[in-house]
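Numbering follows the working numbering, in which position 105 of the sequence shown is assigned residue number 390; successive positions increment by one, without gaps.
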Amino acid sequence: MDDQAVRSTLEFRACYSYDAAVEGYLPDLVIFPVAESQVILLARYAHRRGIPLVPRGAGSGCSGGGVCAQGGILVSFERMDRILSLDPGLMVGLAEPGVITAHFQREAERQDLFYPPDPSSAEICTLGGNVAHGAGGLRGRKYGTTRDYILGLEAVTAEGQPVRTGFFSPGETRDLTGLLVGSEGTLAMITKIALRLMPRPESFCTLLLVFRQADQAVQMAHAILRVGLIPAAMEFMDQRAVDCVRAHGKAILPPGNGHILLVEFSGRHQEVLHGAEKVEGLRRGSGALLVQKARVSRDRQKVWSVRRALSPAMAHAAKRKVSQDVCVPPGALSHLLRDIEAVGQKHGLQVITFGHLGDGNLHVNVMADGSRKQMRQARAAAEDLFRAVLALGGTLSGEHGIGLVKARYISWELSAETMAAQRKVKAAFDPAGVLNPGKILSTSKSSVLSEMEGKTP
Numbered sequence: 286m287d288d289q290a291v292r293s294t295l296e297f298r299a300c301y302s303y304d305a306a307v308e309g310y311l312p313d314l315v316i317f318p319v320a321e322s323q324v325i326l327l328a329r330y331a332h333r334r335g336i337p338l339v340p341r342g343a344g345s346g347c348s349g350g351g352v353c354a355q356g357g358i359l360v361s362f363e364r365m366d367r368i369l370s371l372d373p374g375l376m377v378g379l380a381e382p383g384v385i386t387a388h389f390q391r392e393a394e395r396q397d398l399f400y401p402p403d404p405s406s407a408e409i410c411t412l413g414g415n416v417a418h419g420a421g422g423l424r425g426r427k428y429g430t431t432r433d434y435i436l437g438l439e440a441v442t443a444e445g446q447p448v449r450t451g452f453f454s455p456g457e458t459r460d461l462t463g464l465l466v467g468s469e470g471t472l473a474m475i476t477k478i479a480l481r482l483m484p485r486p487e488s489f490c491t492l493l494l495v496f497r498q499a500d501q502a503v504q505m506a507h508a509i510l511r512v513g514l515i516p517a518a519m520e521f522m523d524q525r526a527v528d529c530v531r532a533h534g535k536a537i538l539p540p541g542n543g544h545i546l547l548v549e550f551s552g553r554h555q556e557v558l559h560g561a562e563k564v565e566g567l568r569r570g571s572g573a574l575l576v577q578k579a580r581v582s583r584d585r586q587k588v589w590s591v592r593r594a595l596s597p598a599m600a601h602a603a604k605r606k607v608s609q610d611v612c613v614p615p616g617a618l619s620h621l622l623r624d625i626e627a628v629g630q631k632h633g634l635q636v637i638t639f640g641h642l643g644d645g646n647l648h649v650n651v652m653a654d655g656s657r658k659q660m661r662q663a664r665a666a667a668e669d670l671f672r673a674v675l676a677l678g679g680t681l682s683g684e685h686g687i688g689l690v691k692a693r694y695i696s697w698e699l700s701a702e703t704m705a706a707q708r709k710v711k712a713a714f715d716p717a718g719v720l721n722p723g724k725i726l727s728t729s730k731s732s733v734l735s736e737m738e739g740k741t742p
């Protein structure tokens with residue numbers, strides 16, 4: 286490794302002590318491999334000495350998965366950032382884990398190819414991070430999530446053993462691929478990814494609808510699906526989210542107040558036109574106040590800028606936020622929105638909600654001023670939210686993962702038998718427990734409060 290590949294100064298380590306959810310977890314060392322051979326040597330060295338290893342992409346994760354909760358070496362894959370190939374014949378792309386998702390999408394589009402997974406942080410997050418956390422995104426209803434596009438992986442176990450799955454291991458089962466996707470860096474460190482591509486859709490159309498009541502937006506989403514339409518995206522923003530963008534964002538918003546539903550169709554030209562016309566017909570009885578329709582790429586980007594501006598706008602809305610990516614069956618969304626409103630009122634905190642109505646995945650953000658009092662209230666609000674979600678048949682995480690933030694609560698959703706089975710899988714891959722320790726199945730009594738304050742559990 287060159288002189289820039291190993292960094293140990295306090296100032297440098299501090300830059301890698303946080304992600305989008307937690308802060309204050311200093312690594313003892315930060316290492317930047319550029320090849321799988323270096324990852325293998327590093328893993329073998331750390332395993333022999335019992336040193337924790339934490340793989341990390343862009344640090345944009347919202348679960349604390351990319352921080353050194355127990356010290357050790359942070360392994361940043363940002364220098365393994367090559368797109369190795371895009372094959373229009375096989376419809377397969379090969380990439381290293383540090384490739385920025387949006388960069389990969391644009392390179393594919395230059396060859397009339399399409400990589401559908403579209404996390405809202407696509408401009409900064411990496412493919413490796415997407416794979417590790419099973420990232421979802423705006424287009425999940427029609428196209429699926431990251432998991433549906435991973436054809437194979439090259440990875441390195443905690444003991445320094447290279448693993449080849451799927452595309453990289455012809456003739457063998459792909460089951461191991463599915464096991465590694467979403468394992469949050471606790472089973473192996475990903476070094477190469479084979480991604481399924483599609484032909485670029487012929488046409489796109491995006492519609493923006495505004496509703497006085499949040500439930501009207503949910504019912505509109507149900508109506509769209511009931512008539513047999515399958516939008517590429519159905520993205521919801523509640524009134525507080527819209528107000529936040531209006532106050533702090535740079536997007537152009539429609540006048541007036543209301544909750545927003547963004548609906549996008551993609552595919553063959555006539556299919557897209559048919560979908561847009563159907564939605565315009567449905568809106569007349571839906572309570573929608575306004576519709577903007579955009580088909581040209583430039584105009585569509587302006588419409589979507591309303592949603593893309595939300596995360597940076599929230600950073601200005603409050604000093605801290607506790608963000609949860611809960612998921613319920615789509616039919617339970619109206620109930621969940623009412624529960625979210627009740628949680629905010631109970632704890633006296635502002636809650637900003639947005640997300641993907643097509644697959645029931647909502648992002649619930651409890652805003653706080655950073656004081657110990659409000660952080661305790663935020664933790665209590667998150668716990669009440671989790672109880673409501675599980676009562677509706679939902680899950681604690683739709684795409685961000687469990688990581689450090691939700692490790693305490695995983696037993697609320699999984700049985701003791703299931704957790705025991707998962708620990709056996711972890712032990713098979715990582716018998717010494719050195720790979721991303723303290724995450725997912727940890728027995729630590731950590732909490733949302735302690736992690737948001739940066740206190741090691």
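Glycine included, every Cβ here is placed at the ideal spot set by N, Cα and C.
Same chain, Cβ closer than 7 angstroms to residue i, five either side skipped, listed in chain order
i: L412; result: A380, P382, V384, T386, F389, I478
i: G357; result: P312, D313, I336, P337, L338, V339
i: L436; result: V377, G451, F452, A479, L480, R481
i: S696; result: M704
i: P373; result: Q396, L398
i: A331; result: L338, I358, V719
Proximal residues to residue i (C-beta, below 6 angstroms), its chain only, five neighbours per side dropped
i: P486; result: S551, G552
i: S293; result: L314
i: L622; result: A499
i: G572; result: F496, Q501
i: M483; result: F399
Within 7 angstroms, strictly: CB atoms of residue i and residue j
i: L595; j: V495; result: no
i: R341; j: S322; result: no
i: V503; j: L618; result: yes
i: V613; j: L670; result: no
i: V611; j: G679; result: yes
i: A473; j: T430; result: no
i: G238; j: K724; result: With the chain represented from 286 up to 742, any question about residue 238 goes unanswered, as that position is not in the structure.
i: C410; j: S345; result: yes
i: S471; j: L720; result: According to the sequence as given, residue 471 is Thr; it is not Ser. Yes.
i: V324; j: T491; result: no
i: M519; j: G640; result: no
i: Y310; j: A343; result: no
i: K563; j: L514; result: yes
i: V291; j: I316; result: yes
i: V591; j: A532; result: no
8 angstroms Cβ shell around residue i - same chain, five flanking residues per side excluded
i: K604; result: A653, D654, G655
i: H544; result: V495, F496, R497, Q498, A499, Q501, A502, F521, M522, D523, Q524, V527
i: V512; result: K563, L567
Local Cβ density within 10 Å of residue i, reported as buried at 16 or more and exposed below that
i: E549; result: buried
i: A320; result: exposed
i: W589; result: buried
i: T703; result: exposed
i: P401; result: buried
i: H554; result: exposed
i: H601; result: exposed
i: Q630; result: exposed
i: Q662; result: buried
i: R333; result: exposed
i: M660; result: buried
i: A306; result: buried
i: D460; result: exposed
i: Q609; result: buried
i: Y694; result: buried
i: V530; result: buried
i: K658; result: exposed
Contact belief for residue i with residue j at Cβ below 8 angstroms, rounded distance in angstroms
i: E469; j: G683; result: The Cβ separation is near 14 angstroms, so there is no contact.
i: P615; j: G570; result: Between G570 and P615 the Cβ distance is about 20 angstroms, and since that is not below 8 angstroms, they are no contact.
i: K427; j: A561; result: Actually they do not touch by this definition, with Cβ atoms about 15 angstroms apart.
i: G673; j: H632; result: Here the sequence assigns Ala to residue 673, which means Gly is not the residue at that position. A673 to H632, Cβ: 13 angstroms. No contact.
i: L493; j: L558; result: About 17 angstroms; that fails the 8 angstroms criterion.
i: S405; j: L423; result: 7 angstroms
i: E439; j: R432; result: Rounded, the Cβ-Cβ distance is 17 angstroms, inconsistent with contact.
Any non-hydrogen atom of the ligand ADP within 6 angstroms of residue i CB
i: V548; result: Among the components of this structure there are no ligands whatsoever, and the ligand ADP is therefore not found.
Neighbour flag for residue i against chain C, beta carbons, 7 angstroms
i: A717; result: Any reference to chain C falls outside this structure, which holds one protein chain only.
The segment 514-527 contacting the segment 465-473, beta-carbon criterion three pairs below 8 angstroms: no
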